[in-house]
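Undergrad: Position in the sequence shown counted from 1, then plus 809, gives you the numbering used here.
From the three backbone atoms N, C-alpha and C, an ideal C-beta is built for every residue, glycine too.
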Amino acid sequence: MTKKQHHFKILVIGDQGTGKSCLIKRYVYNFYSQHYRTTIGVDFALKIVPMPDDESTEIRLQLWDIAGQARVENLLRVYYKEAVGAFVVFDVTRYFTFESVVNWKQGLDSKVTLPNGTPIPCVLLANKIDLPKDGNLSDPNVITQFAEENGFAKWFETSAKENIGIKDAANFLIRRIVDALQADGPPPLPDDNIADLSASSEGESKEKVKKSKCCSG
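1) Output the residue ranges of the alpha helix (DSSP H) runs that lie fully inside the stretch 886-957 and measure 4 residues or longer, sorted by chain position.
2) In whole angstroms, give me the CA-to-CA distance for N1002 and G944.
3) Roughly how many angstroms separate the alpha carbons of I868 and F840, rounded to a whole number?
4) Given a threshold of 16 other Cβ atoms within 10 Å of its Cβ, counted over all protein chains shown, does K835 qualify as buried or as exposed?
5) Between which two residues does the beta strand (DSSP E) holding I819 run?
6) Taking the alpha carbon of E971 as the point to measure from, which residue in G826, V887, K937 has its own alpha carbon closest?
7) Going straight from the alpha carbon of P996 to that of F853, what length do you get?
8) Could you pull out every residue in the same chain whose Cβ sits closer than 6 Å to the Cβ of I857, ignoring the five residues on either side in sequence?
9) Report the rounded CA-to-CA distance for K890 versus L884, giving the unit in angstroms.
10) How is the beta strand (DSSP E) around I857 delimited, first residue to last?
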């Protein structure tokens, strides 16, 4: 029997070099490399997962890896369109990337909402926990309070290198999206405004990328 499908567009945002692309590659392909290709514009990846509590339905997750450079600021509203969930990523070894999270979250909430006008579910990822933390981020209670005060559904520690926390964070966000959309109506069906990634087995970008080495963790 053919399974029903729903499409969820999920944004992965945060400062440059926080490991967004590596997190996506680990989650989608179970692949990790220390050689990170800095995203210029937007990159895509596709993963199909079962609908929570409904094995007859599949969810096609479209993960949008949004560049962290300032030059894409004017395009963010276009990139964010139709998204139903988001991860905001910071690097635990660089405190300033944590300070930037407020701007990313406020920008997200101002540019995209659920159909009922409420903010899309958003999870905060404290990435690269396989490396020594910045001293200002050593107390998890600080991050917990910050996440609660700034409208995050939850926060997780993650590492692409060691494959820590990524699946748990994704499963949590998917569950939150399903609950939010069911409360507001049925989950979204395929939309012409969402990129068709089915022909791309590697989830490769439609934008150019260049090599760098910022993906530890």
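TA: Taking the definition as stated:
1) 904-908, 910-920
2) With a pLDDT of 44 at N1002, under the threshold of 50, the modelled position of that residue is not reliable, and the figure given next carries that caveat. Taking the straight line joining both Cα atoms gives about 43 Å.
3) 21 Å
4) The sequence given here has Arg at residue 835, not Lys. Buried, since its Cβ has 16 or more Cβ neighbours within 10 Å.
5) 813-823
6) K937
7) At P996 the pLDDT is 49, less than 50, meaning the model places this residue with poor confidence; the figure from the coordinates comes in the next sentence. Between P996 and F853, the C-alpha separation is close to 21 Å.
8) E867, R869
9) 10 Å
10) 851-860
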